[in-house]
Each structure stands twice: as C-alpha cells, then as structure tokens.
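**Student:** Handing you a structure now.
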Amino acid sequence: FYTQRKLAAYVHALLAAAMLAEQWQNVQSAPVPDEANEGIWLDHRDKRVWVESQPVELTSQEFKIMRYLYQNPGQLCAYDDILQDGLNEPGDPDPDELNRLHTAVSRLRRKTEPDPRTPRYLFTVHGRGYRLFLTPQFS
Numbered sequence: 018f019y020t021q022r023k024l025a026a027y028v029h030a031l032l033a034a035a036m037l038a039e040q041w042q043n044v045q046s047a048p049v050p051d052e053a054n055e056g057i058w059l060d061h062r063d064k065r066v067w068v069e070s071q072p073v074e075l076t077s078q079e080f081k082i083m084r085y086l087y088q089n090p091g092q093l094c095a096y097d098d099i100l101q102d103g104l105n106e107p108g109d110p111d112p113d114e115l116n117r118l119h120t121a122v123s124r125l126r127r128k129t130e131p132d133p134r135t136p137r138y139l140f141t142v143h144g145r146g147y148r149l150f151l152t153p154q155f156s
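Next up, the structure:
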C-alpha cells in the first residue's frame with residue numbers, strides 16, 4: 018500500500034513527465050517557416066537558425082555573428098564591423114580577435130553549409146570580410 022505522501026509524489030512525477038513530453042512534442046512539431054525551406058532563416062526570439070528546413074545549433078558567439086550577417090544580407094560585412102557591432106568588441110581588432118572571428122566563422126560554415134569547401138551561403142571576401150546570402154548561390 019502507498020501512503021498518501023508517496024502517492025502524491027508519484028502523481029506529481031507523472032504529471033511533470035507528461036508536461037515535459039508535451040513541451041518536447043511542441044518543439045519537435047513547430048512549423049518550419051517558409052523562408053527556411055529554401056535557405057537560411059533566423060528566429061530572433063528563440064535564437065534558432067534554420068538551414069534548408071533543418072534546425073542548426075549554434076553557440077552564443079556563432080549566433081551573434083550569424084545575426085549580424087543576417088541583418089545585412091548580401092552585403093559585405095567588414096571584419097571590424099562584425100567584431101564591433103556584432104560581437105560588441107570595442108576598438109580596433111587585434112590579430113587574436115581576428116583569428117577568433119575566422120575560427121568562429123569556419124565553425125559556422127561547417128554547421129550551415131552542405132559542403133563548407135564550396136559555400137552556397139556564407140562567403141569570405143579575403144582581406145575584407147564576409148557576405149551572407151539567405152538563399153543558396155550556385156557558381
């Protein structure tokens with residue numbers, strides 16, 4: 018026999034599990050926006066990125082870079098601007114900051130590009146910056 022306290026704890030655990038399952042199902046079944054079906058879509062509220070209908074997990078730094086590039090689609094975003102405006106790094110960037118930016122963009126490209134060696138979305142303009150296209154660019 019269960020004591021009233023054990024029974025209450027058991028019911029509480031079952032309800033908590035049911036609520037978690039419902040939340041998980043809602044996340045899994047969330048509709049993919051139309052923009053995400055053919056390219057890159059960024060959900061500012063939930064800090065999520067979708068590429069070709071697939072959610073992509075990004076670090077906080079990667080999301081900030083992506084958000085900055087996403088807000089300037091197709092435009093050349095200079096390294097300095099990404100660091101200062103996108104990542105809130107004050108002053109002129111030093112070589113270490115530039116290296117960290119290049120490394121973060123490389124990781125971002127690996128996560129968002131079908132083939133990172135031949136990008137379709139995130140392009141490097143050597144010596145100047147990066148350019149993000151929201152729909153795939155084929156050469």
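Residue numbers 18 to 156, in the numbering used here, belong to the letters of the sequence shown in order.
The C-beta atom is built at its ideal place from N, Cα and C for all residues, glycine as well.
(1) When we look at the beta-carbon of F155 and count the other beta-carbons within 10 Å, is it buried (16 or more) or exposed?
(2) Could you please give me the residues that DSSP links to L59 through a beta bridge?
(3) Tell me the rounded alpha-carbon separation between V122 and L139.
(4) Where T152 and R126 are concerned, what is the direct C-alpha to C-alpha distance, given to the nearest angstrom?
(5) Take G146 and list the residues in its own chain whose beta-carbon comes closer than 6 Å to its own, dropping the five residues that flank it on each side.
(6) Using DSSP with H/G/I as helix, E/B as strand and the rest coil, what is R148?
(7) Considering just the uninterrupted stretch of the alpha helix (DSSP H) at F80, what are its terminal residues?
(8) Could you round the C-beta distance between I99 and L118 to whole angstroms and report it? I think they count as a contact, below 8 Å.
(9) Quick check: what's the CA-CA separation for W58 versus A35?
(10) With the cut-off set at 8 Å, would you say M83 and V66 are in Cβ contact?
(11) Along the chain, where does the beta strand (DSSP E) containing L139 start, and where does it finish?
**Tutor:** Reading it off the structure:
(1) The residue you call residue 155 lines up with position 138 of the sequence shown. It is exposed - the Cβ of F155 has fewer than 16 other Cβ atoms within 10 Å.
(2) By one-based count along the sequence shown, residue 59 stands at place 42. According to DSSP, L59 bridges with V66.
(3) By 1-based counting over the sequence shown, the position of residue 122 is 105. By 1-based counting over the sequence shown, the position of residue 139 is 122. Cα to Cα, V122 sits roughly 9 Å from L139.
(4) Taking the sequence shown and counting its residues from 1, the one referred to as residue 152 is at position 135. Taking the sequence shown and counting its residues from 1, the one referred to as residue 126 is at position 109. When rounded, the distance between both Cα atoms is 14 Å.
(5) Counted from its first residue, the sequence shown places residue 146 at position 129. Excluding residues within five positions, the ones whose Cβ falls inside 6 Å are L93, C94, A95 and Y96.
(6) One-based indexing of the sequence shown puts residue 148 at position 131. In the structure shown, the three-state DSSP call for R148 is strand.
(7) Taking the first residue of the sequence shown as position 1, residue 80 is located at position 63. Run containing F80: S77 to Y87, per the alpha helix (DSSP H) assignment.
(8) The count along the sequence shown starts at 1 and reaches residue 99 at position 82. The count along the sequence shown starts at 1 and reaches residue 118 at position 101. About 6 Å; that satisfies the 8 Å criterion.
(9) Reading the sequence shown from its first residue, position 41 is the one you call residue 58. Reading the sequence shown from its first residue, position 18 is the one you call residue 35. Those two C-alpha atoms are separated by around 31 Å.
(10) Here the question's residue 83 lines up with position 66 in the sequence shown. Here the question's residue 66 lines up with position 49 in the sequence shown. Contact flag set, yes.
(11) Here residue 139 refers to the residue found at position 122 when the sequence shown is read from its first residue. L139 to V142 is the span of the beta strand (DSSP E), which, as asked, contains L139.
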